[in-house]
Amino acid sequence: MKWTICVVALLVSSISTAAQPENKVVRLGSTTSVKASGLLVLLVPAFERDTGYRLQTDAVGSGKALQLAREGRYDVLIVHTPAAEQKLIDQGYADRRTPFMRNSFLIVGPPQDPAHIKGTNDAREALRRIEATKSLFISRADDSGTHQKELALWKASGIEPLGSWYYEAGMPMDAVLKLANERQGYTLIDNGTWLANLKTSRLSALVEDLEHLGNTYSIVTMSRKQLPQLNHAGAAAFSKWLLSAKGNSIIRGMIVEGEPLFSLISP
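For my numbering, count along the sequence shown from 1 and bump the result up by 568.
The structure is reproduced here in structure tokens:
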């Protein structure tokens, strides 16, 4: 009798365990430019439709996304800070980073261009002219990938930006672009967000510098060992889908004014 009860209990336990639903929610931490460019809006429904997963997205600056990932808040990341991503791997919080698309940064500003940077093909020289003329520059100042790139450019220019001409907004890219429009200031912006907002902006694209303003996006999967509670199966499914022909076709189809917002990186 006791043996029968044990067998029944084991069967019930087995059935109960088998009946537990697979975790269908995947939490994505993303840089704000992926959202501001309009790409995220297209990726979410397509991924959900193709896989049956539900994608919860949180678009924040890359620095904040990486910090929240350390705390176990995200299952997977899309960010554009290569050195910080590698540090996350070295610290044991992430297993892998896969670069999958790129665009570039631009320096945009008022059409009258008080710092006379238009046509300058060196972003460092452009920043020197902005500082020399004390022309308004609006920084994201939010530890995002864009902000980190900007700080690296100031350092490479040999300038520590200080003074009333240098405004630290502490806001995401779309809000900074709006503020730069209102105040007719210069700012650094990724090409995807710029093209997505081109028709409504009163600013002009003034400086392109492929050598110093390259911008690479990677998908980062978290460590099973360090963060075992995460939805690693869902993260792997999203990574595989994003890097597939279906995900690539969505990225490739992001064209504004005849220009692609992003270009794909071959595996």
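Think of the CB as a built atom: it goes at the ideal place given N, C-alpha and C, for glycine as much as any other residue.
Predicted model, so just to flag it, every value in this text is computed and none were measured.
Check                                                                                                                     : Outcome
For E825, which three-state DSSP category applies?                                                                        : coil
With DSSP as the reference, please indicate the residues paired to V644 in a beta bridge.                                 : L596 and T789
Quick one: is Q624 buried, meaning 16 or more other Cβ sit within 10 Å of its Cβ, or exposed?                             : exposed
Exposed or buried, what is I823 when buried is set at 16 or more other beta-carbons lying within 10 Å of its beta-carbon? : exposed
Out of curiosity, what's the CA-to-CA distance linking S703 and G753?                                                     : 7 Å
When the distance is taken between beta carbons, is L763 closer than 8 Å to E827?                                         : yes
From this set, G802, A813 and E699, which residue's C-alpha is nearest G620's C-alpha?                                    : G802
Is there at least one non-hydrogen atom of the ligand MN closer than 7 Å to the beta-carbon of Y754?                      : Among the components of this structure there are no ligands whatsoever, and the ligand MN is therefore not found.
Under 8 Å: do the stretch 687-703 and the stretch 764-783 share three or more Cβ pairs, one atom per stretch?             : yes
Run through DSSP, which three-state label would P667 get?                                                                 : strand
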